[in-house]
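The block underneath contains the structure these notes are about, expressed in structure tokens.
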Amino acid sequence: MAGLGQAAPMPHDHSDHPHALLPSEPALRVKALETILVRKGLIDPAALDEIIDTYQNKIGPQNGARVVARAWSDPVFKAALLADADTVLAELGYYGRQGEHMVVVENTPEQHNMVVCTLCSCYPWPLLGIPPGWYKSDAYRARAVRAPRAVLAEFGVTLPAETSVRVWDSTAEVRYLVLPMRPAGTDAMEEEDLLALVSRDSMIGTALAALPAAALPPTTAPPTTNGAQT
Amino acid sequence: MSRLHDMGGRFGDGPVVPDAAAAPVFETDWHARALALTLACGALGQWNIDVWRHARERLSPKDYSRFSYYEKWTSALEDRLVDTGVLTREDLLGNRLGQGGDDLHVLASRALRADAVAAPLGKGGPASRDSDIAPHFVVGDAVRTRHPGGSALVDGGHTRLPDYAVGARGRIMLHHGAHVLPDSRAHGLGEAPEPLYAVAFKASQLWTHPEHPGDEVVLDLWQSYLQPDPNPEPDPNVEASA
């Protein structure tokens with residue numbers, strides 16, 4: 001790749017950090033590091049492709065949505081999930097890196113839950129995949145613990161004053177998943193149809209579950225079958 | 231007292247900007263590549279997750295604030311690879327000059343292969359351990375976090391007690407069992423597992439101007455971060471009608 005030997009100007013005048021040795025332009029820099037590691041046999045480029053495919057296409061919020069829809073539909077499952085998430089999720093195959101110790105917290109009219117990692121970017125990968133940019137942003141990390149209601153407003157969510165907010169700062173290897181409230185008007189819906197109402201953000205706690213199409217003003221648009229792919 | 235990564239409660243960052251509903255998992259190709267490279271290098275077994283977190287925290291304040299998220303990852307990865315001797319500074323410089331060597335690395339047999347990717351991602355790395363340290367607290371106990379904060383083991387070292395919760399009064403909400411103590415493992419001082427608790431703090435305990443007095447923040451904190459609170463506020467769960 002052209003440019004590997006033509007680094008952008010170095011921002012460090014006298015740093016001794018090894019990371020100052022590669023090109024500063026991020027895409028070139030990652031490519032340069034990959035090239036070095038491949039030459040030495042330390043990295044298999046096909047393994048990188050496989051990791052990316054895993055988190056782009058196989059593991060994502062569709063997993064968490066399935067757990068939520070099932071909990072909404074099956075009270076026994078829900079009780080077990082809230083009491084011992086690790087056992088229940090392992091049975092479903094939703095175990096793995098960054099999801100070794102799971103706790104599911106339930107939203108109620110009295111209590112809204114919201115998850116953050118102020119120190120880095122801890123997030124329940126097996127259930128939600130790779131965290132979105134805003135979850136890793138300084139603004140979210142800094143403000144979710146001090147001003148959760150202001151942050152919620154930035155997501156378009158306004159809670160009643162009588163609903164308490166509980167923010168979970170993921171400071172250990174325990175990962176938290178929010179079980180959002182089942183929307184009104186969905187009593188007749190099957191588990192498969194409920195999936196589309198469970199957004200990624202509703203399981204982080206920065207959104208509520210979506211209202212069903214039947215509860216919205218009439219529209220000619222066809223119903224979505226699965227809104228959890230992104 | 232702390233480092234830039236410890237930003238909970240900080241002022242001045244502006245609003246959170248949610249992503250579009252159809253935003254891709256990775257904003258650009260190199261983000262995906264940086265993540266995959268990090269995980270694949272992790273599989274070489276030269277560091278643990280606590281060392282890895284501390285490597286990101288140790289970026290200079292200047293770099294930490296100017297680097298984007300995956301630039302922090304890439305920089306910390308380069309630093310780790312050189313610090314552990316997997317690569318040399320000359321390896322990095324040599325490649326920059328277009329002179330990389332092709333000799334196979336002594337760790338090459340450990341390289342993660344494409345057909346073996348699912349195993350480490352699926353297996354994860356549980357932090358729970360057996361521990362000889364008995365739990366000092368039960369759910370509902372009033373506790374106070376250590377003051378001053380920071381690592382008790384290494385000056386300026388890794389800890390998971392955020393500054394905003396230093397010296398704060400809260401209540402034990404969950405007992406997670408014993409977990410590896412990051413303050414120790416991040417510095418090669420052993421796993422030192424001890425009881426880990428979810429501790430709930432009222433917003434008024436943490437902030438001078440809380441948004442809402444009934445709100446709470448819950449943190450997962452190790453037993454050595456905590457001491458009994460001899461003069462607790464009334465437990466809202468016990469005297470809810472006060």
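From first to last, the protein sequence lines stand for chains F and X. At position 221 of the first sequence (counting the first as 1) the number is 221 in my numbering, and the numbers step up by one without a gap. Each number in my numbering comes from the position in the second sequence (counting from 1) with 230 added on. Think of the CB as a built atom: it goes at the ideal place given N, C-alpha and C, for glycine as much as any other residue.
(request) Report yes or no: do three or more beta-carbon pairs, one from the region 163-173 of chain F and one from the region 427-447 of chain X, lie closer than 8 Å? (result) Contact between the region 163-173 of chain F and the region 427-447 of chain X is present, because at least three Cβ pairs lie under 8 Å.
(request) Report all residues from its chain with a CB closer than 7 Å to the CB of F/V103; omit the five preceding and five following residues, and keep chain order. (result) As a position in the first sequence, residue 103 of chain F is number 103, starting the count at 1. So the qualifying residues of the chain are A85, V174, Y176.
(request) Mind checking the region 257-270 of chain X against chain F and listing, in chain order, the residues whose C-beta falls within less than 9 Å of any C-beta there? (result) Close to chain F, meaning a Cβ-Cβ distance shorter than 9 Å, are the following residues of the region 257-270 of chain X: E257, T258, D259, W260, H261, A262, R263, A264, L265, A266, L267, L269, A270.
(message) For F/E100, count the other beta carbons within 10 Å of its own beta carbon; 16 or more makes it buried, fewer makes it exposed. Which is it?
(response) Indexing the first sequence from 1 puts residue 100 of chain F at position 100. Buried is the call here.
(message) If the cut-off is 8 Å on Cβ atoms, which residues from the region 162-181 of chain F count as contacting chain X, listed in chain order?
(response) Answer in chain order: S164, V165, R166, V167, W168, D169, S170, T171, A172, E173, V174.
(message) Measuring CB atoms only, is the region 357-368 of chain X touching the region 289-305 of chain X, in the sense that at least three cross pairs come out at less than 8 Å?
(response) Flag = no, the region 357-368 of chain X and the region 289-305 of chain X do not touch.
(message) DSSP three-state label for X/S454, please.
(response) As a first step, residue 454 of chain X must be located in the second sequence, where it is residue number 224. X/S454: helix per DSSP, three-state reduction.
(message) Let me check one thing: in DSSP terms, what residues is F/I130 bridge-paired to?
(response) Counting from one through the first sequence, the residue named residue 130 of chain F turns up at place 130. Within the DSSP secondary-structure output, F/I130 pairs in no beta bridge.
(message) By alpha-carbon positions, which one of F/Y135, F/P131, F/G96, F/T108 ends up nearest to X/G354?
(response) Working through the second sequence from its first residue, we reach residue 354 of chain X at position 124. When C-alpha distances from X/G354 are compared across F/Y135, F/P131, F/G96, F/T108, the shortest belongs to F/G96.
(message) Would F/P148 pass as an interface residue toward chain X - the criterion being a Cβ-Cβ separation below 8 Å?
(response) One-based indexing of the first sequence puts residue 148 of chain F at position 148. Under the 8 Å criterion on CB atoms, F/P148 is classed as interfacial with respect to chain X.
(request) Report, in whole angstroms, the separation of the C-beta atoms of F/C117 and F/S202, which I expect to be a contact under 8 Å. (result) Numbered from 1 along the first sequence, position 117 holds the residue referred to as residue 117 of chain F. Numbered from 1 along the first sequence, position 202 holds the residue referred to as residue 202 of chain F. Contact between F/C117 and F/S202 does not hold, since the beta-carbon distance rounds to 18 Å and is not under 8 Å.
(request) Please list the residues of the region 123-139 of chain F that have a C-beta atom closer than 7 Å to any C-beta atom in chain X, keeping them in chain order. (result) Residues passing the 7 Å Cβ filter: G129, I130, P132, G133, W134, K136, S137, D138, A139.
(request) Measure the CB-CB distance between X/V246 and F/R143 and report whether it falls below 8 Å. (result) Here residue 246 of chain X refers to the residue found at position 16 of the second sequence. Here residue 143 of chain F refers to the residue found at position 143 of the first sequence. Judged by beta-carbon spacing, F/R143 lies within the 8 Å limit of X/V246, meaning their Cβ atoms are closer than that value.
(request) Between the Cα of X/Y427 and those of X/I279, X/L391, X/T268, spot the shortest distance and give me the residue it belongs to. (result) Locating residue 427 of chain X in the second sequence gives position 197, counting from the first residue. With distances taken between CA atoms, X/Y427 lies nearest to X/L391 out of X/I279, X/L391, X/T268.
(message) Once DSSP output is grouped into helix, strand and coil, what is the label at F/D169?
(response) On the first sequence, position 169 is the one that residue 169 of chain F refers to. Three-state result, F/D169: strand.
(request) Report yes if the C-beta distance between X/E301 and F/P26 is below 8 Å; otherwise report no. (result) Position 71 of the second sequence, counted from the start, is the residue given in the question as residue 301 of chain X. Position 26 of the first sequence, counted from the start, is the residue given in the question as residue 26 of chain F. In terms of Cβ geometry, X/E301 and F/P26 form a close pair [threshold 8 Å].
(request) Please classify F/T224: is it buried, with 16 or more other beta-carbons within 10 angstroms of its beta-carbon, or exposed? (result) As a working mapping, residue 224 of chain F is identified with position 224 in the first sequence. Note that F/T224 has pLDDT 47, beneath the 50 cutoff, so the model's placement of it is unreliable and no number is given.
(message) Distance check for X/L419 and F/R146, CA to CA, integer angstroms please.
(response) Stepping through the first sequence from its first residue, residue 146 of chain F is reached at position 146. Stepping through the second sequence from its first residue, residue 419 of chain X is reached at position 189. Approximately 34 Å, taken between the alpha carbons.
(message) Contact defined as beta carbons within less than 8 Å: I believe X/H377 pairs with X/G397. What is the distance between those atoms, to the nearest angstrom?
(response) On the second sequence, position 147 is the one that residue 377 of chain X refers to. On the second sequence, position 167 is the one that residue 397 of chain X refers to. Contact holds; Cβ gap of about 3 Å.
(message) Can you tell me where the alpha helix (DSSP H) holding X/Y294 begins and where it ends?
(response) Working through the second sequence from its first residue, we reach residue 294 of chain X at position 64. In the DSSP assignment, X/Y294 falls within the alpha helix (DSSP H) that extends over 291-296.
(request) Give the straight-line distance between the Cα atoms of F/E106 and X/H405, rounded to the nearest whole angstrom. (result) Here residue 106 of chain F refers to the residue found at position 106 when the first sequence is read from its first residue. Here residue 405 of chain X refers to the residue found at position 175 when the second sequence is read from its first residue. Rounded to whole angstroms, the gap between the alpha carbons of F/E106 and X/H405 is 18 Å.
(message) Assuming the contact rule is C-beta atoms closer than 8 Å, X/S232 and X/D393 should be a hit. Round their C-beta distance to whole Å, please.
(response) If you number the second sequence from 1, residue 232 of chain X lands on position 2. If you number the second sequence from 1, residue 393 of chain X lands on position 163. Contact between X/S232 and X/D393 holds, since their C-beta atoms are separated by about 5 Å, short of 8 Å.
(message) Counting only beta-carbon separations shorter than 8 Å, does F/L48 have a partner in chain A?
(response) The structure shown contains no chain A; the protein chains it does contain are F and X.
(message) Based on DSSP bridge pairs, tell me the residues matched to F/E106.
(response) The residue labelled residue 106 of chain F in the question sits at position 106 within the first sequence. Looking at the DSSP output, F/E106 shares a beta bridge with F/L179.
(message) Any beta carbon from chain F within less than 8 Å of X/P248's own beta carbon?
(response) Within the second sequence, the letter at position 18 stands for residue 248 of chain X. Closer than 8 Å to some Cβ of chain F, the Cβ of X/P248 qualifies, so yes.
(request) Look at F/P183 and F/P148 and say whether their C-beta atoms are less than 8 Å apart. (result) Here residue 183 of chain F corresponds to residue number 183 of the first sequence, with the count starting at 1. Here residue 148 of chain F corresponds to residue number 148 of the first sequence, with the count starting at 1. In this structure, F/P148 does not lie closer than 8 Å to F/P183 by Cβ.
(request) Would you identify the three-state DSSP class for F/R200, choosing helix, strand or coil? (result) In the first sequence, the residue the question calls residue 200 of chain F occupies position 200. Three-state result, F/R200: helix.
(request) Out of F/D44, F/V115, F/L179, state which residue places its alpha-carbon closest to the alpha-carbon of F/Y135. (result) As a working note, residue 135 of chain F is residue 135 in the first sequence. Answer by Cα proximity: F/V115.
(message) Determine whether the beta carbon atoms of X/H284 and X/H409 lie at a separation below 8 Å.
(response) The residue given as residue 284 of chain X occupies position 54 in the second sequence. The residue given as residue 409 of chain X occupies position 179 in the second sequence. Taking 8 Å as the Cβ cut-off, X/H284 and X/H409 do not qualify as a contacting pair.
(message) Which residue marks the beginning of the alpha helix (DSSP H) containing X/P412, and which one marks its end?
(response) One-based indexing of the second sequence puts residue 412 of chain X at position 182. Here the alpha helix (DSSP H) through X/P412 covers 412-415.
(message) Can you give me the C-alpha to C-alpha distance between X/Y455 and X/M403, rounded to a whole angstrom?
(response) The residue labelled residue 455 of chain X in the question sits at position 225 within the second sequence. The residue labelled residue 403 of chain X in the question sits at position 173 within the second sequence. Between X/Y455 and X/M403, the C-alpha separation is close to 15 Å.
(request) Could you work out which residues of chain F lie near X/D243, taking near to mean beta carbons separated by less than 7 Å? (result) Position 13 of the second sequence, counting from 1, holds the residue named residue 243 of chain X. From the beta-carbon of X/D243, the residues of chain F found nearer than 7 Å are D138, A139, A142, R143.
(request) Could you name the residues of the same chain whose beta carbon sits closer than 8 Å to that of X/Q453, not counting the 5 residues immediately before and after it, in chain order? (result) Locating residue 453 of chain X in the second sequence gives position 223, where the first residue counts as 1. Within the same chain, X/Q453 has close Cβ partners I363, P365, H366, F367, E424, P425, L426, Y427.
(request) Name the residue from F/R39, F/L179, F/A47 whose alpha carbon lies nearest to the alpha carbon of X/A349. (result) Along the second sequence, one-based indexing puts residue 349 of chain X at 119. Among F/R39, F/L179, F/A47, the Cα nearest to that of X/A349 belongs to F/A47.
(message) Going by DSSP in three states, X/S361 sits in which element: helix, strand or coil?
(response) Reading the second sequence from its first residue, position 131 is the one you call residue 361 of chain X. Note: X/S361 maps to coil in three-state DSSP.
(message) Checking 8 Å against the spacing of the C-beta atoms, do F/W125 and F/I59 come in under that value?
(response) Sequence index remark: in the first sequence, residue 125 of chain F carries index 125 (1-based). Sequence index remark: in the first sequence, residue 59 of chain F carries index 59 (1-based). Yes.
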